[in-house]
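Worksheet: one structure, shown below.
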Amino acid sequence: MTSDSSGICIVIPAFNEEISIPYVIHALLRRYPDFTVLVVNDGSSDLTAEVAAAAGARVVTLPHNLGIGGAVQTGYLYCARKGFKIAVQVDADGQHKPEELAKIIQPIVDGRADMVLGSRFLEKTSYRSTLGRRVGIFILSKLVSLFVRQSVTDPTSGFRAVNRRGIELFARDYSTDYPEVDSLVLLKKHRLRILEVPVEMDRRQAGRSSITPIRSMYYMLKVTLSIMIKSFR
Amino acid sequence: MERIQILSMMLSLSLILFVMHLGRRRVIKEQYCLLWLLFGVVMLVLSMNTGWLEQLASYARIVYAPSLLFLVGITLSFVLILHLTVVVSKLTERIVLLTQELGLMKHEHELYEKANTR
């Protein structure tokens, strides 16, 4: 089996998301029935794989938990091998709205960018978050903007679409943990074009963010180091 | 002979014996066995030949010669640990690749089975 007529695959990394994932898949397939929805079940201990398959998604189950980066890369590997032209990354927790999908896909279809990043901060949107998190994202956005020499307002956003070149690059090289930010540096390093578009996002519907306050210090340090290593490689 | 020298000789000798034991039982791979044996032999030679150690220490202007032994030991340990970190990183990368490959293959296999039972 190869890519569908649309050539577009929606990749959803999921770790114990049995409550929210059926809604996400239903909402996506209702709106885009000819897209392929691939759930990468990252070693969940609940029924994520079963409910995702029942909802109409293709499911790749990893035998143990790799972390978000390893799971997403599995999706890109799948897209690369199946000949998909566009890969869209959507979170399993329901914070990315299906009606916003067209905004991040269209610029790729038009050939205006190799990756489109859905940003919560490009325009004033209804998205609210804790102060600490917004400060963290602000610092990272300034840092990334410096390294990729273009303005990036929401580098931690997991709502993104890439074309074939992006798919092939990510299938080869992708960070295992906290990959969102340094994948941008990687793209730029390979001279791929990044475009940011404003999107609305919901607060997550179920589950908890993987980034706890204790981990955020490590997150900032790891991401900063990773950006620097990637740009001087 | 100072007490610390007897102690360090005994320690390096038991390290060598223990590594040989582990190698014989195939608990550690030959190349690591060799690495640790080398480490043990260097420590043993330095603790036996106090003359060499004294001379080296005087070059480095170290008053208490056995502390040079510790310096050498700690340095070698750090190099070994760094080497192990490299090995662990490589292994982690390989495990990630294998896990992804296994997940994708299982998916293909399920599709194949489904198509055949239909």
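These protein sequence lines map, in sequence, to chains A and B.
Numbered continuously in my numbering, the first sequence closes out at residue 920.
Numbered continuously in my numbering, the second sequence closes out at residue 127.
All C-beta atoms in this analysis are idealised placements derived from N, C-alpha and C, irrespective of residue type, glycine included.
Closer than 7 Å at the beta carbon, the chain B residues around H751/A: Under the 7 Å cutoff, chain B gives T108.
Taking only the alpha-carbon atoms, compute the straight-line gap between R890/A and E102/B and give it to the nearest angstrom. For R890/A and E102/B, the distance between alpha carbons rounds to 33 Å.
Could you check where the alpha helix (DSSP H) with I71/B kicks off and where it finishes? Here I71/B belongs to no alpha helix (DSSP H), and DSSP marks it neither H nor E.
Just checking my contact of Q14/B with S56/B at CB under 8 Å: how many whole Å lie between their CB atoms? The beta-carbon distance between Q14/B and S56/B, rounded to whole angstroms, is 5 Å. This is short enough to meet the 8 Å contact definition.
Using the Cβ count rule (16 or more neighbours within 10 Å means buried), how would you classify S732/A? Exposed is the call here.
Chain B residues whose Cβ lies nearer than 9 Å to that of V849/A: Listed along chain B is no residue with a C-beta nearer than 9 Å to that of V849/A; the closest approach is about 18 Å.
At least one CB of chain A closer than 7 Å to the CB of H118/B: is that the case? Judged by the 7 Å Cβ criterion, H118/B is not in contact with chain A.
Measure from the alpha carbon of F79/B to the alpha carbon of each residue in E122/B, T59/B, M52/B and L47/B, then state which is nearest. That would be M52/B, whose Cα lies nearest to the Cα of F79/B.
So which residues of chain B does Q760/A contact, with C-beta pairs closer than 7 Å? The contacting residues are Q109.
From V803/A to R880/A, what distance separates their C-alpha atoms? C-alpha separation (whole angstroms): 9 Å.
Chain B within 7 Å of T899/A, Cβ atoms only: Using beta-carbon distances, T899/A does not count as an interface residue toward chain B, since no partner is under 7 Å.
If the cut is a Cβ gap below 7 Å, which residues of chain B does L764/A touch? Neighbours of L764/A on chain B, chain order: Q109 and L113.
Taking 6 Å as the cut-off, does the CB of V726/A come closer than this to any heavy atom belonging to the ligand HEM? Ligands are entirely absent from the displayed structure, and the ligand HEM is therefore not among its contents.
Whose C-beta lies closer than 8 Å to the C-beta of M688/A among residues of the same chain, with five residues either side of it excluded? Confidence in M688/A is poor, its pLDDT being 48 and thus under 50, which makes the residue's placement unreliable; the coordinate value appears in the next sentence. The residues are K769.
So is G770/A in contact with chain B if we call contact Cβ pairs under 7 Å? Look at G770/A: its C-beta is not under 7 Å from any C-beta on chain B.
Return no unless some Cβ of chain A is closer than 7 Å to the Cβ of V105/B. Closer than 7 Å: yes.
Quick one: using the 10 Å Cβ neighbour count with 16 as the cut-off for buried, is Y861/A buried or exposed? Buried, by the Cβ-count rule.
If the cut is a Cβ gap below 7 Å, which residues of chain B does T863/A touch? Result: V105.
T748/A and G112/B look like a contact to me (Cβ under 8 Å); what is the Cβ gap, rounded to whole Å? Going by Cβ atoms, the distance from T748/A to G112/B rounds to 6 Å, so yes, they are a contact pair.
Quick one: what's C42/B bridged to in DSSP? Under the DSSP definition of a beta bridge, C42/B lacks any partner.
Provide the residue(s) that pair with N728/A in DSSP beta bridges, ordered along the chain. N728/A is bridged to A701/A and T748/A.
Give the DSSP-derived three-state secondary structure of L753/A in the structure shown. Looking at L753/A - three-state DSSP - the assignment turns out to be coil, as it is neither helix nor strand.
According to DSSP, M802/A sits in a beta bridge with which residue or residues? In the DSSP output, where bridge partners are listed per residue, M802/A has V849/A and I881/A.
So with Cβ pairs under 7 Å, would you call V747/A a contact of chain B? Interface residue (Cβ-Cβ distance to chain B less than 7 Å): V747/A is classified as such.
How is C766/A classed by DSSP in three states: helix, strand or coil? In the three-state reduction of the DSSP assignment, C766/A falls in the helix class, which pools H, G and I.
I'd like the span of the beta strand (DSSP E) that includes I773/A, first residue to last. Per DSSP, I773/A belongs to the beta strand (DSSP E) from I773 to Q776.
Start-to-end residues for the alpha helix (DSSP H) that takes in E737/A: Segment T735 to A741, the alpha helix (DSSP H) holding E737/A.
Can you tell me where the alpha helix (DSSP H) with S918/A in it begins and where it stops? Secondary structure note for S918/A: its alpha helix (DSSP H) is the uninterrupted segment P900 to F919.
Given that G757/A touches chain B, what residues does it touch there, using C-beta distances under 8 Å? Result: V105, T108 and Q109.
For T843/A, three-class secondary structure by DSSP: The DSSP-derived three-state label of T843/A is coil.
For H783/A, write down the residues that DSSP places opposite it in a beta bridge. For H783/A, which the question treats as bridged, DSSP gives the partners M888/A.
Given a threshold of 16 other Cβ atoms within 10 Å of its Cβ, counted over all protein chains shown, does N850/A qualify as buried or as exposed? Buried is the call here.
From A740/A, A714/A and R717/A, pick the residue whose C-alpha is nearest to that of K725/A; which is it? The question names Lys, yet the displayed sequence has Leu at residue 725/A. Across the set A740/A, A714/A and R717/A, the C-alpha of A740/A shows the shortest separation from the C-alpha of L725/A.
Nearest CA to the CA of L22/B: which residue from I37/B, W45/B, T126/B and L120/B? Here the closest residue by C-alpha is W45/B.
Might you give, ordered along the chain, the residues of its own chain that have their beta carbon closer than 6 Å to the beta carbon of L764/A, omitting 5 neighbours on each side? Contacts found: A858.
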